[in-house]
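J.: Following this message is one structure expressed as structure tokens.
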Amino acid sequence: MQLTRRDLLIMGSVGMATAALGVTPALASLTDDEIAKITGGAEVGAGDLSVTAPEIAENGNTVPIEISAPGATMVAVFADGNPTPNVVTFKFGPLNPTHAASTRIRLAKTQNVVAIAQMEDGSFQKASANVKVTIGGCGG
Amino acid sequence: MASGVKPRVKVPKTAAAGDSITIKTLISHKMESGQRKDGDGNLIPRSIINRFTADFNGENVIDVTLEPAISTNPYFQFDATVPESGEFKFTWYDDDGDVYETAKQISVS
Chain A
2 MQLTRRDLLI MGSVGMATAA LGVTPALASL TDDEIAKITG GAEVGAGDLS
52 VTAPEIAENG NTVPIEISAP GATMVAVFAD GNPTPNVVTF KFGPLNPTHA
102 ASTRIRLAKT QNVVAIAQME DGSFQKASAN VKVTIGGCGG
Chain B
3 MASGVKPRVK VPKTAAAGDS ITIKTLISHK MESGQRKDGD GNLIPRSIIN
53 RFTADFNGEN VIDVTLEPAI STNPYFQFDA TVPESGEFKF TWYDDDGDVY
103 ETAKQISVS
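Chains A and B, in that order, give the protein sequences. For the record, in the first sequence the residue sitting at position 24 is 25 according to the numbering used here, with numbers rising by one throughout. For the record, in the second sequence the residue sitting at position 55 is 57 according to the numbering used here, with numbers rising by one throughout.
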């Protein structure tokens, strides 16, 4: 079969699409792996857990985030576009009334900040926030 | 990296019994992530604070595990219940084995 220019163009675009698809799941699955480590494959639902982050962060070096998880014993935060997805883990003690905390994190690029909460009854909840990052915060 | 590390904590001096108070903490630390490279292209080794805890009269309020994705000069804000007068104790654990501690008194009326 003789390859026409049209054939080559189609092959090229299909190849590019596959390559583009191949990159994102690789990073996302790192986060999924870490989440699976915590939950042990248990079902993750939605609930009162919330993540508050700015929609647009000009400087990825310090992005303020706030998590609020009433009834949770533990909350782990992940950034799915960072070289290593783990960000921070909060464990709440008996003297903590609100089970909320704020901190500042580094984000390498535009991505989702995902929080997984372990509730008092052993179930899990998930919440996420998308942050657009203008300048990445992980150095070169 | 033990030079220039200075913990700062903001706790109200007084409160009513059973009240929920807001605590803000900040510690100056460069939090080297282990991802950056120096001028010659060599990786700068990781050097971060990996754990922070806050206790009130020996009871835990919050226990935080920090990863390299936490910003320089790690900052935390959280709430605590104060059943009686006593002392808040804040502890930071550095990668190099150093432990930084600070304490704040609060009187409950």
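Even glycine gets a Cβ: it sits at the ideal position worked out from N, Cα and C.
Can you grab the Cα-Cα spacing for the pair G88 of chain B / G60 of chain B, in whole Å?
T.: About 10 Å.
J.: What are the uninterrupted segments assigned as beta strand (DSSP E) that are 3 or more residues long and contained completely in the segment 46-103 of chain B, given in chain order?
T.: 51-58, 61-68, 77-84, 88-96, all fully within the segment 46-103 of chain B.
J.: Is the distance from the Cβ of P55 of chain A to the Cβ of N62 of chain B below 9 Å?
T.: Not in contact: P55 of chain A and N62 of chain B (Cβ atoms no closer than 9 Å).
J.: Use the C-beta contact count for P14 of chain B: other C-beta atoms within 10 angstroms, 16 or more gives buried, fewer gives exposed.
T.: Exposed.
J.: Compare the C-beta of I39 of chain A against all C-beta atoms of chain B and say whether one is closer than 9 Å.
T.: It does not; no Cβ of chain B falls within 9 Å.
J.: Nearest chain B C-beta to N62 of chain A closer than 9 Å, yes or no?
T.: With 9 Å as the cut-off, N62 of chain A counts as an interface residue toward chain B.
J.: With 16 as the cutoff for other CB atoms within 10 Å, does E69 of chain B come out buried or exposed?
T.: Looking at its Cβ environment, which holds 16 or more other Cβ atoms inside 10 Å, E69 of chain B is buried.
J.: With a threshold of 8 Å, are at least 3 pairs of Cβ atoms found where one atom belongs to the segment 35-49 of chain A and the other to the segment 27-37 of chain B?
T.: Not touching, per the Cβ criterion.
J.: Could you tell me whether the Cβ atoms of A56 of chain B and K91 of chain B are closer together than 9 Å?
T.: Cβ distance < 9 Å, so A56 of chain B and K91 of chain B count as in contact.
J.: Give the single residue among B:Q107, B:S5, B:D21 whose Cα lies nearest to the Cα of T83 of chain B.
T.: Of the candidates B:Q107, B:S5, B:D21, the one whose C-alpha sits nearest the C-alpha of T83 of chain B is B:D21.
J.: DSSP state of K12 of chain B, grouped into three classes?
T.: Here K12 of chain B sits in strand by DSSP.
J.: Out of B:T67, B:T27, B:P47, B:S109, state which residue places its alpha-carbon closest to the alpha-carbon of E103 of chain B.
T.: Answer by Cα proximity: B:T27.
J.: Between which residues of its own chain and K127 of chain A is the CB-CB distance below 6 Å, once the five residues before and five after are set aside?
T.: Within the same chain, K127 of chain A has close Cβ partners V45, I117.
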